[in-house]
Amino acid sequence: MPTIFNAGLIRTKHIAFLALILLGFYVGVNSMSISYSAHEVFNSIYSTILTLLTGIALFLLYKFSKKEQLAISKTLLWLCISFTSWFVADCLWLWLIAINEYPFPSLADLFYFGMYPAFITSIFVIPNTTSSSRGIIRIIIEVSILILTAIIFFLFFIAIPDQKFKETDNFSLFITYLYPVLDITIIWIVLIKYFSNQIKSCKKIILYFVIGIISFTISDLMYFIDSLYGINDPGYFIDLGYYLFYFIIIATSLIASKEVLVKVDMYSETITPLKPSKWLTFLPAIFLVSIVGFFLFFVFDLLNITNIIASSIIAIIFILFIFHQYIVVKENDDLNQEMSRVNIELEKKVLQRTSELNRINKELHEEIIYRKKTEEILQQSDERYRLIAENTSDVIWVIDADSLKFTYMSPSVYSLIGYSANEVLNKSVADIFEQQWLTGIVAKLNDRINKFNKGDASEKARVYELQQICKDGSIIWVEMATTLITNNHNKVTEIIGVSRNIEQRKQAENQIHQKNIQLEELNATKDKFFSIIAHDLKSPFSSIVSLSDSLNNSIDSFPKENIKSFATAINYSAKHTFKLLENLLEWSKLQRENIKLNLRYLNFKSIVDEVLLLNSEMALRKRIEIQNTIDPDIFIHCDVEVTKSILRNLISNALKFTSSNGLVIVNLEKFESYAEISVTDNGIGIMPEKIPFLFNIEQDISTYGTENETGTGLGLLLCKELVEKQGGRIWVKSILGKGSSFYFTIPQIFLPRQLFEEEQN
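In this note's numbering, the protein residues as written are 1262 to 2022.
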């Protein structure tokens, strides 16, 4: 039921409940012993109240039904008008009682009669599925026959036998029995409406109307008989019938609100067979024959004006009945024609529907054949893709986007990470992989899905390179190509991926990267090498050539001291050049990896002494003290030439950057698996910003010594590579203005002197 009716129906139910209480109150009051005038006043007031309540209830239902444009709204409207007329009549009658006047007929009767046409109209506008002009004419004729028959009936069966009829005013008597005649007419109309209506829900409502009108009619008949016999007591049962009528009308309207207050759908309603109720058409004839028979055998008198009027009425009834039967026959013919037309249309529709069904069956058959072929093609395609997936070395997998469970896994997963397909299938990634790996990849996938759901279409396909943990704990590089699969609502439902082992490719890339680094270093070394040749090697040779040319051209004229000075300078330049060439040759061998280590146990103190002897000239010239604090019982497993070259460069540097009267100390400390050698001086030190670049060929930090000694620029670089050649490392500690300490290590298993001597022997 529409929601808008709730308030109206609740109010109407309250009114119906109030009317029921008033009925009980009426029974209680009438059981009391009170005067006739009190009865009359009470019943008049009571009737007015109940009529008002009925009108209000009908108006509420009409108001809400009209707003929803419902089929029963017109019926409720005319019922409301009918009871409004009745309410006005009751008010007028109450006013007449108040002024103690009882005219009959009165103005109140006019409004009482006004109730009937409105009530009849409300019956006619009850929703129906069919209506025709002939049907309406037939109903009018039947009603007319009924009214005329009722007049004859009341005239000869009630009015004429009573002697008071002749003493009563004819107009008053006419008004008196017009009430029950109209009541019976309403009953007849309602019955016709009941049997001709094809809407089942409406038939129930009409039946309730019949019950209410019968109650009303009985009260009118009793009032009519009492009026004929001069009984003016309204009576308990007479008024109770009226009040029951009011209550039944309210209750029927409430039932209608549940049955037909919705819009009537003529196609969804169960329609009764479209055929006339034949026995109803004979009711007027039965009434007519009964009246005529009675009239002919018991009443008819040609000398009586009443008989002449009755005969005229009967003649009119005959004419109407003949016309009525003619209409019935025509309706029947129309119905037969309509049925024939409907049958023809039905046959056409059946043929059309049969043809349509045949066409649909043919299309369905073709569709079935097409689908079977499509299914076969799909099966073949699925089989091909299955074979491809199962035989490719790449791993093909599908993950549910919500649960992150594997819904498909190709068998090649075993060769990739060591799991079988059954071990992985229907398990989440959290069940298979370690949390450390899982956190990264799940975060990436969730981030992609969120971006894609926000409209970033570029996130649909993505390729990752990542390290994946295998079943045995090993880690391999994997290339993972993923694609997001969506449903009709563009929501990501699955992730399809292809994983490929790229461990060999990564190793090759790493090797290429290392080679590139080496090439860059070699290029830098080459550049440094040519720089040294272009500058450091050219300068001493230029000096030698210049001095030798001067000496050669002027040797006869130079004094002996000048010749000695020139010779000393040429000797210095030659030695410097020789040292530079020696370093270049050693460095070149290292770059070509031509230096082969000749490892053997040596007395390290004696090696240092040999190197110090080579540098003694510079030490004496600058008056620098050199201390060899190494224990003579320490024997080191090393290459003697490589170690001498390292020591020679470090001690030469220490002497170069130490001022006159300085100190250089060479020391060795033993550790568990290596020996740490240090060369310490108290010279000028090294600026902190230069320390990181001391062993880098790309940076030229060669500086002059304390007496403007020049360097080769390769000494420390050569030391670094020679130290690393023996498996050690080199570093420096320096304080500017206080000196420097160079350290390098040699991996060792130390040998006692006794074992060394035994080995030597």
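Yeah, the Cβ is synthetic: ideal placement off N, Cα and C, and Gly gets one too.
Do you know how far the Cα of residue j is from the Cα of residue i?
i: residue 1625; j: residue 1651; result: 37 Å
i: residue 1633; j: residue 1641; result: 12 Å
i: residue 1599; j: residue 1618; result: 27 Å
i: residue 1670; j: residue 1644; result: 16 Å
i: residue 1727; j: residue 1655; result: 15 Å
i: residue 1647; j: residue 1772; result: 37 Å
i: residue 1954; j: residue 1997; result: 16 Å
i: residue 1967; j: residue 1919; result: 6 Å
i: residue 1842; j: residue 1949; result: 30 Å
i: residue 1378; j: residue 1343; result: 8 Å
i: residue 1639; j: residue 1628; result: 16 Å
i: residue 1354; j: residue 1601; result: 58 Å
i: residue 1756; j: residue 1606; result: 59 Å
i: residue 1532; j: residue 1603; result: Confidence is the limiting factor: at residue 1532 the pLDDT is only 39, short of 50, which leaves the residue's position unreliable, though a coordinate-based value still follows. About 15 Å.
i: residue 1765; j: residue 1914; result: 47 Å
i: residue 1620; j: residue 1636; result: 24 Å
i: residue 1729; j: residue 1735; result: 8 Å
i: residue 1686; j: residue 1630; result: 36 Å
i: residue 1877; j: residue 1836; result: 15 Å
i: residue 1820; j: residue 1880; result: 30 Å
i: residue 1381; j: residue 1609; result: 42 Å
Apart from the five residues just before and just after residue i, which ones in its own chain have a Cβ nearer than 8 Å to its Cβ?
i: residue 1870; result: 1889
i: residue 1989; result: 1935, 2005, 2006, 2007 and 2008
i: residue 1952; result: 1993 and 1995
i: residue 1721; result: 1713, 1744 and 1745
i: residue 1858; result: 1900, 1903, 1986 and 1987
In chain order, what residues of the same chain have a beta carbon less than 7 Å from the beta carbon of residue i, not counting five sequence neighbours either side?
i: residue 1762; result: 1677, 1737 and 1739
i: residue 1984; result: 1907, 1990, 1991 and 2005
i: residue 1679; result: 1731, 1732 and 1733
i: residue 1405; result: 1581
i: residue 1891; result: 1865, 1866, 1869, 1927, 1928 and 1929
Considering Cα atoms alone, identify which of the options is closest to residue i.
i: residue 1672; options: 1665, 1662, 1664 and 1683; result: 1683
i: residue 1666; options: 1689, 1705, 1373 and 1863; result: 1689
i: residue 1941; options: 1902, 1901, 1733 and 1885; result: 1885
i: residue 1864; options: 1899, 1832 and 1835; result: 1899
i: residue 1897; options: 1938, 1825 and 1917; result: 1938
i: residue 2000; options: 1830, 1945 and 1949; result: 1945
i: residue 1653; options: 1722, 1674 and 1821; result: 1674
i: residue 1759; options: 1741, 1752 and 1765; result: 1741
i: residue 1717; options: 1724, 1708 and 1479; result: 1708
i: residue 1832; options: 1858, 1805 and 1857; result: 1805
i: residue 1929; options: 1895, 1835, 1909 and 1764; result: 1895
i: residue 1710; options: 1753, 1765, 1693 and 1680; result: 1753
i: residue 1743; options: 1732, 1723 and 1751; result: 1723
i: residue 1943; options: 1715, 1916 and 1931; result: 1916
i: residue 1577; options: 1838, 1409 and 1594; result: 1409
i: residue 1661; options: 1357, 1838, 1748 and 1876; result: 1748
i: residue 1838; options: 1858, 1802, 1818 and 1821; result: 1802
i: residue 1376; options: 1347, 1398, 1351 and 1878; result: 1347
i: residue 1663; options: 1706, 1369, 1681 and 1649; result: 1706
i: residue 1887; options: 1901, 1860 and 1925; result: 1925
i: residue 1402; options: 1584, 1360 and 1782; result: 1584
CB-CB under 6 Å to residue i, same chain, minus the five flanking residues each way: which ones, in chain order?
i: residue 1383; result: 1336, 1339 and 1340
i: residue 2003; result: 1911, 1940 and 1993
i: residue 1349; result: 1372
i: residue 1883; result: 1921
i: residue 1659; result: 1668, 1669, 1755 and 1757
i: residue 1725; result: 1741
i: residue 1893; result: 1866
i: residue 1909; result: 1872
i: residue 1830; result: 1808
i: residue 1368; result: 1353
Answer yes or no: the CB of residue i versus the heavy atoms of the ligand MN, is any distance below 8 Å?
i: residue 1906; result: In the structure on display, the ligand MN does not appear, and there are no ligands present to speak of.
Inter-stretch contact (C-beta, 8 Å, three-pair minimum) for the segment 1860 to 1878 and the segment 1896 to 1906
yes
Entirely within the segment 1654 to 1680 and at least 4 residues each: give me those alpha helix (DSSP H) ranges in chain order.
1674 to 1678
Give the list of continuous alpha helix (DSSP H) stretches no shorter than 4 residues that lie fully inside the segment 1851 to 1893.
1865 to 1875 and 1877 to 1882
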